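Numbering (my numbering), first residue to last: 12 to 232.
Using N, Cα and C, we set each Cβ at its ideal position, and we do this for glycine too.
All values reported here derive from a predicted model rather than from experimental measurement.
One structure is given here, and the rest of the page talks about it.
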């Protein structure tokens, strides 16, 4: 994943008391006037809308009532476990309090109905950001003999350049909106926590547990 933002300027028209100059109609919104969230790549037509989005995201990182705080030692141990197994496993059991202890401050999405959380890491600084979070600079790399390695991809300069174009077309010639392209086609690490419920057995018993899911792209060199 990735980081970026731009802003727009306004033009002011002076009026003459004798021959007033009419104010021209507002220009249609273009990609240059959109305000983009640097984390999820959602675009907004006004800066106030982006600010509102950030305020909502900030609330997602507030610990809900009843969610207990774990010792720092337990949180660090779980970080090490994620580094060890995250490249091989996309899902593993995880307490909600443990997820919150590790990713508090990075939660960018919360579903009030299901209670699920999501974090997004993408951009030129994303790998370093996750390395600092996990306290491990090699969290997304696995080394092999003959100087080969696999690594998690969080930024693709060419894909970013393509996504920043005014418009692109898919294989059928249909225009791909810039916002959709950036949100769904750029490489990123998505970390999700949610409840999973088992199917009822013959005696109507069922269980539920929290799971953490990691989704990412990897390359080998």
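Residue range of the unbroken alpha helix (DSSP H) whose run includes residue 211: Along the chain shown, read from residue 1 onward, the residue named residue 211 stands at position 200. Under the DSSP assignment, residue 211 falls outside any alpha helix (DSSP H); it carries neither an H nor an E label.
Run through DSSP, which three-state label would residue 219 get? Indexing the chain shown from 1 puts residue 219 at position 208. Under the three-state reduction of DSSP, residue 219 is assigned to strand.
Assuming residue 60 is part of the alpha helix (DSSP H), what are its boundary residues? Taking the chain shown and counting its residues from 1, the one referred to as residue 60 is at position 49. In the DSSP assignment, residue 60 falls within the alpha helix (DSSP H) that extends over 58-71.
Between which two residues does the alpha helix (DSSP H) harbouring residue 139 extend? Along the chain shown, read from residue 1 onward, the residue named residue 139 stands at position 128. Judged by DSSP secondary structure, residue 139 falls within the alpha helix (DSSP H) whose first and last residues are 137-145.
DSSP three-state label for residue 160, please. The sequence position of residue 160 within the chain shown is 149, counting from 1. Taken through DSSP and simplified to helix, strand or coil, residue 160 comes out as strand.
Contact with chain B by residue 140, beta-carbon distance below 8 angstroms: Chain labels in this structure do not include chain B; a single protein chain is all it has.
Apply the 10 Å Cβ neighbour rule to residue 133 and answer buried if 16 or more other Cβ atoms are within range, or exposed otherwise. Here residue 133 refers to the residue found at position 122 when the chain shown is read from its first residue. Looking at its Cβ environment, which holds 16 or more other Cβ atoms inside 10 Å, residue 133 is buried.
Which residue's Cα is closest to the Cα of residue 111: 49, 61, 73, 101? Here the question's residue 111 lines up with position 100 in the chain shown. Sorting 49, 61, 73, 101 by C-alpha distance to the C-alpha of residue 111 places 73 at the top.
Could you tell me if residue 54 is buried or exposed, where buried requires 16 or more neighbouring beta carbons within 10 angstroms of its beta carbon? Here residue 54 corresponds to residue number 43 of the chain shown, with the count starting at 1. With a 10 Å radius around the Cβ and a threshold of 16 neighbouring Cβ atoms, residue 54 comes out buried.
If you draw a straight line from the alpha carbon of residue 233 to that of residue 106, how long is it in whole angstroms? This structure cannot settle anything about residue 233, because the visible part of the chain is limited to 12 through 232.
From residue 205 to residue 120, what does the alpha carbon distance come to, in whole angstroms? If you number the chain shown from 1, residue 205 lands on position 194. If you number the chain shown from 1, residue 120 lands on position 109. Note on geometry: alpha-carbon atoms of residue 205 and residue 120 lie some 12 angstroms from one another.
According to DSSP, is residue 53 helix, strand or coil? Along the chain shown, read from residue 1 onward, the residue named residue 53 stands at position 42. Three-state result, residue 53: coil.
Considering residue 264, what are the terminal residues of the alpha helix (DSSP H) in which it resides? Because the chain in this structure spans residues 12 to 232, residue 264 falls outside the shown range and cannot be described.
Neighbourhood of residue 90 by C-beta, 7 angstroms cutoff - its chain only, sequence neighbours within 5 removed: Here residue 90 corresponds to residue number 79 of the chain shown, with the count starting at 1. Excluding positions up to five away in sequence, the list reads 113, 145, 146.
Uninterrupted beta strand (DSSP E) stretches inside the segment 111-135 (no shorter than 3 residues): Whole beta strand (DSSP E) segments, 3+ residues: 118-121, 128-132.
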